[in-house]
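Order-wise, the sequence lines are chains C and Z. Residue numbers are given in the working numbering: position 87 of the first sequence equals residue 87, and the series is strictly consecutive. Residue numbers are given in the working numbering: position 83 of the second sequence equals residue 1083, and the series is strictly consecutive.
Number of protein chains: 2
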Amino acid sequence: MEQAAVILLAHGSSDANWQRTFEQLAAPTCQALPHARIAYMELCSPSLQDVVAQQVAEGAQAIKVVPLFLARGRHLRKDIPAMLADLQDAHPGVDMELTAPIGEAPALGEAVRSVVEGILERR
Amino acid sequence: MEQAAVILLAHGSSDANWQRTFEQLAAPTCQALPHARIAYMELCSPSLQDVVAQQVAEGAQAIKVVPLFLARGRHLRKDIPAMLADLQDAHPGVDMELTAPIGEAPALGEAVRSVVEGILERR
């Protein structure tokens, strides 16, 4: 695998509609990048652990974990870094990186503007 | 006020870094649209109630409340609609609408793809 694998990491929920929204949010990335997958921290599957194991089995040497969160709450400050540290211990040969949550990227703010302008135009 | 006012509604947090991320996420919309503001459901200010009152005082006849949430959890299914119903009772002459959360908009999925492609390019 030449390029790093990507995991879009969402919180997870037992609500199927909630999960479907995140699958749709991840779809353009997963369609564009052959080694991008969605994973969930808790409450639904696939889990972060399962997707990391799968990507490593497929030959990933680097994995970028991109949080599908708008901002850094407790999960991103504590729980997810701890999960990643355990996974790094379990797969020492793989270069794992937890990136900033998507809500910190300027592209997200521009997308929000475009969504709001679209809402104001349909009337 | 010709166009509807817009409220970008975030959950809210007592953490200043969390709040700053949402202010930055809202900034392009608030800069592009003179009647767009951010408001918080709880834990920090300005509150939804205060921003609605301010926009009504400025002459808003319609207010679109756009949730800065990725998906519909309990807050969007129950708590926020109840808050909006109370506000609609308090301001019967104003046409209030709660839109879908931003995470359901296709533009957000495209923005995530663009962010991830940027992460893979910087190496």
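Glycine included, each C-beta is placed from N, C-alpha and C at the ideal position. Values in this document were obtained by computation on a predicted structure and should not be read as measured data.
Residue i: first and last residue of the uninterrupted alpha helix (DSSP H) it sits in
{"i": "Leu1098/Z", "result": "Where Leu1098/Z is concerned, there is no enclosing alpha helix (DSSP H), although the beta strand (DSSP E) it sits in stretches over 1095 to 1098."}
{"i": "Pro106/C", "result": "106 to 121"}
{"i": "Ala1085/Z", "result": "1080 to 1090"}
{"i": "Ala1036/Z", "result": "Note, Ala1036/Z: premise wrong, no alpha helix (DSSP H); beta strand (DSSP E) at 1036 to 1040."}
{"i": "Leu33/C", "result": "Segment: none, Leu33/C is in no alpha helix (DSSP H) and carries neither H nor E."}
{"i": "Leu1070/Z", "result": "Where Leu1070/Z is concerned, there is no enclosing alpha helix (DSSP H), given that its DSSP letter is neither H nor E."}
{"i": "Leu43/C", "result": "No alpha helix (DSSP H) contains Leu43/C, which DSSP labels as neither H nor E."}
Buried versus exposed, by CB contacts within 10 Å (16 or more), residue i
{"i": "Lys1078/Z", "result": "exposed"}
{"i": "Gln49/C", "result": "exposed"}
{"i": "Ala1010/Z", "result": "buried"}
{"i": "Ser45/C", "result": "exposed"}
{"i": "Gln55/C", "result": "buried"}
{"i": "Gln1031/Z", "result": "exposed"}
{"i": "Ala60/C", "result": "buried"}
{"i": "Pro1101/Z", "result": "buried"}
{"i": "Glu104/C", "result": "buried"}
{"i": "Ala39/C", "result": "buried"}
{"i": "Arg37/C", "result": "buried"}
{"i": "Ala1111/Z", "result": "buried"}
{"i": "Gly1093/Z", "result": "exposed"}
{"i": "Gly1118/Z", "result": "exposed"}
{"i": "Ala26/C", "result": "buried"}
{"i": "Ala4/C", "result": "buried"}
Residue interval of the beta strand (DSSP E) (run including residue i)
{"i": "Leu1008/Z", "result": "1005 to 1010"}
{"i": "Ala62/C", "result": "62 to 67"}
Beta carbon proximity, residue i to chain C, threshold 8 Å
{"i": "Gln1055/Z", "result": "no"}
{"i": "Gly1109/Z", "result": "yes"}
{"i": "Ala1036/Z", "result": "yes"}
{"i": "Pro1046/Z", "result": "no"}
{"i": "Leu1025/Z", "result": "yes"}
{"i": "Leu1120/Z", "result": "yes"}
C-beta neighbour in chain Z for residue i, strict 8 Å
{"i": "Ser114/C", "result": "yes"}
{"i": "Arg72/C", "result": "yes"}
{"i": "Arg103/C", "result": "Sequence check: residue 103/C is Gly here, not Arg. Closer than 8 Å: yes."}
{"i": "Ala39/C", "result": "no"}
{"i": "Lys78/C", "result": "no"}
{"i": "Ile7/C", "result": "no"}
{"i": "Pro67/C", "result": "no"}
{"i": "Ile63/C", "result": "no"}
{"i": "Leu33/C", "result": "yes"}
{"i": "Pro133/C", "result": "Past the boundaries of the shown model lies residue 133/C; chain C is included only from 1 to 123, so the question cannot be answered."}
{"i": "Ala4/C", "result": "yes"}
{"i": "Pro28/C", "result": "yes"}
Presumed contact (8 Å Cβ cut-off) between residue i and residue j, rounded CB distance
{"i": "Ala1071/Z", "j": "Thr21/C", "result": "4 Å"}
{"i": "Ala1107/Z", "j": "Ser114/C", "result": "5 Å"}
{"i": "Val66/C", "j": "Val6/C", "result": "6 Å"}
{"i": "His1075/Z", "j": "Met1041/Z", "result": "7 Å"}
{"i": "Leu1008/Z", "j": "Leu1084/Z", "result": "At roughly 14 Å, the Cβ-Cβ gap does not stay under 8 Å, so Leu1008/Z and Leu1084/Z are not in contact."}
{"i": "Gly109/C", "j": "Gln1024/Z", "result": "6 Å"}
Contact set between residue i and chain D, taken where Cβ atoms lie within less than 9 Å
{"i": "Ser13/C", "result": "As a matter of chain content, chain D is missing from the structure shown, whose protein chains are C and Z."}
Residue i: CB within 7 Å of a non-hydrogen atom of the ligand COA
{"i": "Asn17/C", "result": "Among the components modelled here there is no ligand, and therefore nothing to report on the ligand COA."}
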